[in-house]
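2 protein chains.
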Amino acid sequence: MDLLKKKIRDEGVILSNSVLKVDSFLNHQIDPVLMKEIGREFARLFQNEKITKVLTVESSGIAPGLMTAIQLGVPVVFARKRKSLTLADDLLTASVYSFTKQETNEISVSRKYVTSDDKVLIIDDFLANGQAALGLAEIVQKAGAKVAGFGIVIEKSFQKGSELLRSKGFRVESLARIDSLEDGLVQFIENESEVVNV
Amino acid sequence: MDLLKKKIRDEGVILSNSVLKVDSFLNHQIDPVLMKEIGREFARLFQNEKITKVLTVESSGIAPGLMTAIQLGVPVVFARKRKSLTLADDLLTASVYSFTKQETNEISVSRKYVTSDDKVLIIDDFLANGQAALGLAEIVQKAGAKVAGFGIVIEKSFQKGSELLRSKGFRVESLARIDSLEDGLVQFIENESEVVNV
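Quick mapping for you: the protein sequence lines, in order, are chains F and B. Note that our numbering numbers the first sequence so that position 162 is 162, with each residue one more than the last. Note that our numbering numbers the second sequence so that position 180 is 1180, with each residue one more than the last.
Printed below as a string of structure tokens:
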């Protein structure tokens, strides 16, 4: 997605060989034009999948998840990272380890909002080691629902999440795939056919 | 806003005389049709205010904040409830006490994204005791920016937040104003002119 890649090139800040900060347009301040485009693109990619629900995780997944849900005309559910006092229902949970924050969070979704009838599109802002993505898939599977695939805004292809999800047979659609952040430069994977064994 | 009131009546769950759970359409699962309407209505109410930025707080404020920002054609910034490892910038912060969770969180916004040139519309899902709203206003004022007003999805008018904000001269627009949750019934304030000393 060209608009997204341009934003990453122009405004992304490389903090290390593995950390890209995109808080001017994606996960602190949100660019409304870009976010609409992101929703449209995920909806286009999964338009034939008969999606009944979008699932994401707070907080940075909410914006792309919502825009996709609006385009598809289905509800979006966001998993919570800790239990809310007013979420005392029967919960579907999964443990998610964050390599960035070096901590494990339990993510949870009320059993009411993902059911065995659902075909779920999982959306997230980043795919790095894949732990959040796998946790969301685990929740969908615990509900007896089907994972239609993953829509990822920015995939850090040099980390293992993308390979992990694809090796489990999941469809992963990433709007920007980053091959490297080394030497302070963002290198995108411009053409998937060039990439062997991702 | 009739669609919102209908949703509250049909799907809201009253947990106590002060707690209304609306996680089927607002803050866990999100109804895309309702959320678009919410954004349109806030944009309409503040259309003459020359808003340059929408400010909200994670997580439940992001959806209404984003939809309003899209309608107004401006960026939305969401304050974080704890510091992120990749948000190491110069931060504008405020302390917010949650009566529901009985804990104090520091909310923070990067100084880069709210500046003295901004006229800021603050959006949140609930207004109860007004602590989060006041914290957001404090951040805007610390940036030297102007608060154009507050757009609140659900105001619990029987708690003190609404009176507190209005007494400070802030414009508060709430899409549903709840007068009482007693006896397991949601009583709306249907007409503001009927209400004395709110």
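Note that beta-carbon positions come from the ideal geometry of N, C-alpha and C, so glycine has one too. In this text, all values refer to a predicted model and were calculated from it rather than measured experimentally.
For the region 1123-1139 of chain B against the region 1056-1068 of chain B, are there 3 or more C-beta pairs whose distance is under 8 angstroms?
Between the region 1123-1139 of chain B and the region 1056-1068 of chain B, the count of Cβ pairs shorter than 8 angstroms is three or higher; the stretches touch.
With a threshold of 7 angstroms between beta carbons, is B/Ala1069 in contact with chain F?
yes
Please report the distance separating the alpha-carbon of F/His28 from that of B/Ser1059.
A straight-line Cα-Cα distance of about 11 angstroms links F/His28 and B/Ser1059.
Three-state secondary structure (DSSP) at F/Val74?
coil
Specify the secondary structure class of F/Gln131 as computed by DSSP and reduced to three states.
helix
Comparing alpha-carbon positions, which option in F/Ile30, F/Ala79, F/Asp90 lies nearest F/Ala63?
F/Ile30
Could you work out which residues of chain B lie near F/Tyr113, taking near to mean beta carbons separated by less than 7 angstroms?
His1028, Gln1029
Taking only beta-carbon atoms, is F/Leu185 less than 7 angstroms away from chain B?
Cβ-Cβ to chain B under 7 angstroms: no for F/Leu185.
Provide the residue span of the alpha helix (DSSP H) that contains F/Ile38, from first to last.
From DSSP, the alpha helix (DSSP H) with F/Ile38 extends over 32-45.
The alpha helix (DSSP H) spanning F/Leu164 covers which residue range?
161-167
Since B/Met1035 meets chain F, which of its residues come closer than 8 angstroms, beta carbon to beta carbon?
Leu66, Ile70
Going by beta carbon distance, what residues of the same chain come within less than 6 angstroms of F/Ala137, once the five residues before and after it are set aside?
Val147
Return no unless some Cβ of chain F is closer than 7 angstroms to the Cβ of B/Ser1059.
yes
For B/Leu1164 versus B/Gly1130, is the C-beta distance shorter than 7 angstroms?
yes
Does F/Glu190 come out as helix, strand or coil in the three-state DSSP assignment?
coil
Return helix, strand or coil for F/Gln102, following the three-state DSSP convention.
Per DSSP, reduced to three states, the secondary structure at F/Gln102 is coil, with no helix or strand assignment.
Would you call the CB atoms of B/Val1172 and B/Ile1008 closer than 7 angstroms?
For B/Val1172 and B/Ile1008, no; Cβs fall outside 7 angstroms.
The alpha helix (DSSP H) spanning F/Leu4 covers which residue range?
Its alpha helix (DSSP H) spans residues 2-11.
Specify, as a first and last residue, the run of the beta strand (DSSP E) that B/Gly1061 falls within.
DSSP places B/Gly1061 outside any beta strand (DSSP E), giving it a letter other than H or E.
Check each candidate in F/Phe170, F/Gly184, F/Gln159 and name the one with the smallest Cα separation from F/Arg177.
Taking the Cα of F/Arg177 as reference, the smallest distance to any Cα among F/Phe170, F/Gly184, F/Gln159 is reached at F/Gln159.
By a C-beta neighbour count over all protein chains shown, 10 Å radius and 16 as the cutoff for buried, is B/Phe1099 buried or exposed?
exposed
According to DSSP, B/Gly1149 sits in a beta bridge with which residue or residues?
B/Leu1121
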